[in-house]
Amino acid sequence: CLGLGKNCGTVSDGCGGSLNCGSCGTGYACTSNVCVQNTPSPSCGDGTCNGTETCSMCSQDCGSCPVSGENDYYVSPSGDDSNPGTLAQPFKTIQKCADIAMPGRTCYLRQGTYRETVTPAHSGNSTAPITFKSYPGERATISGADILAGPWTQHQGSIYKTTMDWDLGRGKNQIFVDNAVMIEARWPNVEEVMEGSTVAHGSFATGSGTDCSYTSTTLSLRDGALNAFPANYWVGGTVHATWDQRYHALSGLITSSTPYESYGTLTATVDSSGAGRGNANEYSIYFISGVYNALDRSKEWYYDSSTSTLYLWTPAGDNPANHTVQARRRQKAFILDGLSYINIEDLDMFAGNITTNQNSTHILINRINAKYLSHYTVIDQGDMGEGQKGTRDTGIILDGSYNELRDSTLYHSAGNGVSLIGNNNTVSGSTITYCNYMDTQAANICMGLQKTVNNIVTGNTLRYAGRDLIEHTQAQNATITYNDLAYNRWTSRLTDLGATYAIATDGAGTTIAYNKMHNLRSIGIYFDNSCSNMNVHHNIVWDVDYQNFTSSDICILANSIATNHKIYNNTCVNSIIKVSGPINLDIKNNIASAVTQISGTQGVASNNFTDSANLNFVNLSGKDFHLQSSSWAVDAGINLGLIQDIEGNPIPQGNAPDIGAYESPYASARTECTLGQTQSCSMGLQGVCNAGTKTCQSYGFWGSCIQNIQSSAEVCNDSLDNDCDGIIDCDDSNCFSDIACNPVGLPADYISYWKFEGNANDETEANSGTLIGSGSFASDSEKGSVLSLPGGNGVSYVNCGHAPSIENTIKSDNSFTVSAWVRFNADGALTGAIWGKAVKNVSGISGSWRSYDNKLSFGSVTSNNALTRGVWYHYVAVRDSGTDYLYVNGIRQSNSNANSYTDSVNQDFYIGRAWATSNTYDFPGRIDDVMLYNRALSEAEIRAIYDFQKPAGLAIINPNNQNQTELSSYASILDAIQEAINRIKSLF
197 CLGLGKNCGT
207 VSDGCGGSLN
217 CGSCGTGYAC
227 TSNVCVQNTP
237 SPSCGDGTCN
247 GTETCSMCSQ
257 DCGSCPVSGE
267 NDYYVSPSGD
277 DSNPGTLAQP
287 FKTIQKCADI
297 AMPGRTCYLR
307 QGTYRETVTP
317 AHSGNSTAPI
327 TFKSYPGERA
337 TISGADILAG
347 PWTQHQGSIY
357 KTTMDWDLGR
367 GKNQIFVDNA
377 VMIEARWPNV
387 EEVMEGSTVA
397 HGSFATGSGT
407 DCSYTSTTLS
417 LRDGALNAFP
427 ANYWVGGTVH
437 ATWDQRYHAL
447 SGLITSSTPY
457 ESYGTLTATV
467 DSSGAGRGNA
477 NEYSIYFISG
487 VYNALDRSKE
497 WYYDSSTSTL
507 YLWTPAGDNP
517 ANHTVQARRR
527 QKAFILDGLS
537 YINIEDLDMF
547 AGNITTNQNS
557 THILINRINA
567 KYLSHYTVID
577 QGDMGEGQKG
587 TRDTGIILDG
597 SYNELRDSTL
607 YHSAGNGVSL
617 IGNNNTVSGS
627 TITYCNYMDT
637 QAANICMGLQ
647 KTVNNIVTGN
657 TLRYAGRDLI
667 EHTQAQNATI
677 TYNDLAYNRW
687 TSRLTDLGAT
697 YAIATDGAGT
707 TIAYNKMHNL
717 RSIGIYFDNS
727 CSNMNVHHNI
737 VWDVDYQNFT
747 SSDICILANS
757 IATNHKIYNN
767 TCVNSIIKVS
777 GPINLDIKNN
787 IASAVTQISG
797 TQGVASNNFT
807 DSANLNFVNL
817 SGKDFHLQSS
827 SWAVDAGINL
837 GLIQDIEGNP
847 IPQGNAPDIG
857 AYESPYASAR
867 TECTLGQTQS
877 CSMGLQGVCN
887 AGTKTCQSYG
897 FWGSCIQNIQ
907 SSAEVCNDSL
917 DNDCDGIIDC
927 DDSNCFSDIA
937 CNPVGLPADY
947 ISYWKFEGNA
957 NDETEANSGT
967 LIGSGSFASD
977 SEKGSVLSLP
987 GGNGVSYVNC
997 GHAPSIENTI
1007 KSDNSFTVSA
1017 WVRFNADGAL
1027 TGAIWGKAVK
1037 NVSGISGSWR
1047 SYDNKLSFGS
1057 VTSNNALTRG
1067 VWYHYVAVRD
1077 SGTDYLYVNG
1087 IRQSNSNANS
1097 YTDSVNQDFY
1107 IGRAWATSNT
1117 YDFPGRIDDV
1127 MLYNRALSEA
1137 EIRAIYDFQK
1147 PAGLAIINPN
1157 NQNQTELSSY
1167 ASILDAIQEA
1177 INRIKSLF
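Here it is as structure tokens:
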């Protein structure tokens, strides 16, 4: 073996035999019958930087990576990718730099526009990130749009056309003129994409149209406004619609449209197979886009994909060649999926977004200015209940972990401004506006409707959202602090939403604190059904306008079942805190107009301040909600373990914490009572329900008045609520038919009484009217001679003039009563005004039958239930010292604060018409026995009018048109059910 130079394995002996040369020792391998020492594979920590190891992979062996600034690269629109990337010889594309940049390198971008999508090839590390940023003193733009240079040809009038040889697909194209977004051809027209102008159903808003339906694949709509267009005028366009509860919108491709005599229909194939909500015709609003026939004004465009032709009407109506016209061609500016330690800084972005995925970590996006991040008009995902489209894949996408958007400005997105869908990610110090113009569950900041943990939203300014400004459904232990939120529900198409919103979410300690929320078109902080474990404190909410949907503006709402929420020290200006189905809630130290009272296993609602007369803000009209030293809320709180207020001031600064979001620098000097002292007080109610007890608090003055539970049976000869069920006794089932609740005779001090006995004369002869138009005085089988009107706008009504007796009665701040009998036609298409009078050139007072929900109304007060067309009802509108009341068939329905105006003079009083000069909503039906009083009638007087004037044979009727004499066998059961419902309602 040695002679052959071999020392292992088996070799030939040269004589036809073989020799065994043995084996190698430890650490050696037999290679070609020679023992060779093994070479170890490189591994991190072996002390040698070799093989594939780099500084970013193994700093133990290879040492620290170079710091930023060493061997940086430069990019310029005038550069060349064959250059070395120096300042003198820069690259041309950002992608060239992204391909070669290693940890610690910075790609400096010279000023100009880069029309590309950038995907870095490498990650940075914790000590040496890879950075893309503008060159100092300059600003680079990454654009997803390309220029359309033309040539442009005049097509028709102000419409020009050119060839566009790319197509992103239906609903995804987007056109810009001089860097401003244009509107895809649309009907009805709007000035801006987020404007809320849509078609609202009138003729068949209650679902009576047989051509209105929705299935998972087909949408059919019927509307009077559609009869103005020829057959199939809208075919090929997209209908964008929402209806019934109007949580979210759906879209569909229009396959037919047909005009009829008084209405038109359209049919569309729905883009998403998700479920709708209720009847497609009820309360539906819609618009049509993406069809050439809608191109009828400036700022609109249409793209014909079959001919690759773009049609454009510029804002100025001139040749587009005079402008810079761009079309979206790419959706993304940066793709950072699976990367770590990448910094994007000091850049502008146009028509593109930034993406990450679940493997992306430590991405910093800092000081960017991004416009038109994501765009779509086709809602091809989700349903009207959940609205998933765009909630996870639009805007700046922060997936993965420990990623941050900081100090940036984001503007305009069909979906999210930020998709905050990973864990431990942060959005801070940024301004994010005009998001979710396609009306899904997207938001300015949306946490993706799936579980996330430990995300932070702090110090941001959020404005103008189609729905919610922050969506945190399924987010756990989120931190939402120090944000300024305003203008939710900006498209005006959706309902049931908030400035912040979550549904069916265990917040697991989510904190919403130190935020300012204002100028809201819906609720402030909203925890929808089945939310739990939320901490809400030191928020200020003002200028909430939710009166179109509820009787009170809502600052904080926790829907059933609401569990384990802590709601402390919030300032709700002229708005309420409302909860339903509470379990173990803790609601303390809040300022609000009212707070839901809870007890027992429901939790505790105590030490809240609802006494607006003694609240004493520094300047309510000036939006300064600090407390004056005279405010009863100073030192009125209890210690809840919170250490600072919304401004960072320590708590407490006086003798005890203040109530509300601000902690005052002074102590309360009030000593009205001694701790534990009790005193009787008034609940401001009627009868025995008025009795209450208040207890002295630790801060030296009286706490809230707590009602004494001492109800009695109904008393059927007064206007009190003796059984404390929230219903005047004469309206209770046990008293409704009692003669004591139904005195006979008419209050005789009316100032006018129009009986319509063949004319429009006033019985007092002071305000006789004139019948205008085609109406008539007809004979009615139930009411005798009555006023009969055809309905419409400006068609027919009675003008009663504006004599002093009327002028001095129907005034915005006066008390008055209008009584009338009305019967709305079965086929009435438009809302019908019963009476109306202008009180100012832009405002008025009126009462009406609303065709879209079959309810009677007076101002913002409506009847409790839908009524039956073709049936006589007694309608009474009462304004009493700034409060509006509505009665139907002698029963009070509801009430609300009256609007107040500076009254104009010489404004006529109409019967069967509203006050406006256009959209007069003439009443389609019959009216009789209209009476006008210069005071607020009592309930007993209103019941007397009803009994005296009701048609013969018409038994006592409740507002649901249920005749008690016909339902005698069920009356006691129904009354008991209603009584139970009313008692439950009185608890909330």
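Numbering (our numbering), first residue to last: 197 to 1184.
Yeah, the Cβ is synthetic: ideal placement off N, Cα and C, and Gly gets one too.
As the structure is a computational prediction, the values presented were derived from the model and not from experiment.
Out of curiosity, what's the CA-to-CA distance linking residue i and residue j?
i, j, result
"G703", "C642", "15 Å"
"I540", "L601", "9 Å"
"T806", "K890", "14 Å"
"L305", "N267", "15 Å"
"N515", "Q352", "12 Å"
"E667", "N785", "26 Å"
"H998", "W497", "50 Å"
"N612", "N1130", "54 Å"
"V263", "Y764", "With a pLDDT of 43 at V263, under the threshold of 50, the predicted position of this residue should be treated as unreliable, though the coordinate-derived value follows. Cα to Cα, V263 sits roughly 48 Å from Y764."
"Q798", "N780", "5 Å"
"N279", "Y269", "11 Å"
"E978", "P1147", "5 Å"
"A1073", "N1021", "21 Å"
"F968", "W950", "Position check: residue 968 holds Ile in this sequence, whereas Phe was assumed. Cα to Cα, the separation comes out at about 15 Å."
"F425", "T454", "8 Å"
"L415", "A1034", "41 Å"
"P846", "I794", "30 Å"
Can the beta-carbon of residue i be found less than 9 Å from the beta-carbon of residue j?
i, j, result
"N1084", "L1052", "At residue 1084 the sequence reads Val, which differs from the Asn that was named. Going by C-beta atoms, V1084 is nearer than 9 Å to L1052."
"T627", "R659", "yes"
"G705", "N731", "yes"
"L681", "N711", "yes"
"L838", "H734", "yes"
"G548", "A523", "no"
"S789", "S826", "no"
"A437", "L417", "yes"
"M390", "Y633", "yes"
"G1108", "G1028", "yes"
Counting along the chain, where does the beta strand (DSSP E) carrying residue i start and finish?
i, result
"S1120", "Looking at the sequence shown, residue 1120 is not Ser but Pro. Counting along the chain, the beta strand (DSSP E) containing P1120 begins and ends at 1118-1129."
"K567", "565-567"
"F1054", "1051-1054"
"N995", "992-995"
"F483", "481-485"
"C303", "302-305"
"Y1081", "1079-1084"
Determine the DSSP secondary structure at residue i, reduced to helix, strand or coil.
i, result
"G212", "coil"
"E1003", "helix"
"F400", "The predicted position of F400 is uncertain, since its pLDDT is 32 and thus under 50; a value taken from the coordinates is nonetheless stated next. Coil, per DSSP."
"D886", "Note that residue 886 is Asn in the sequence shown here, rather than Asp. Correct three-state label for N886: helix."
"Q233", "strand"
"P778", "strand"
"P986", "strand"
"N1093", "strand"
"Y488", "helix"
Would you mind reading off the limits of the alpha helix (DSSP H) that contains residue i?
i, result
"R1139", "1135-1145"
"Q291", "290-296"
Does the distance between the C-beta of residue i and the nearest non-hydrogen atom of the ligand HEM fall short of 8 Å?
i, result
"A376", "With respect to the ligand HEM, the structure shown offers nothing to examine, as it has no ligands at all."
Can you pull the DSSP bridge partners for residue i?
i, result
"P455", "G460"
"I450", "A464"
"N619", "S597"
"R524", "A341"
"A758", "P778"
"C768", "V737"
"H1070", "W1017"
Using a Cβ-Cβ distance cut-off of 9 Å, determine whether residue i contacts chain B.
i, result
"H668", "Of the protein chains in this structure there is only one, and it is not chain B."
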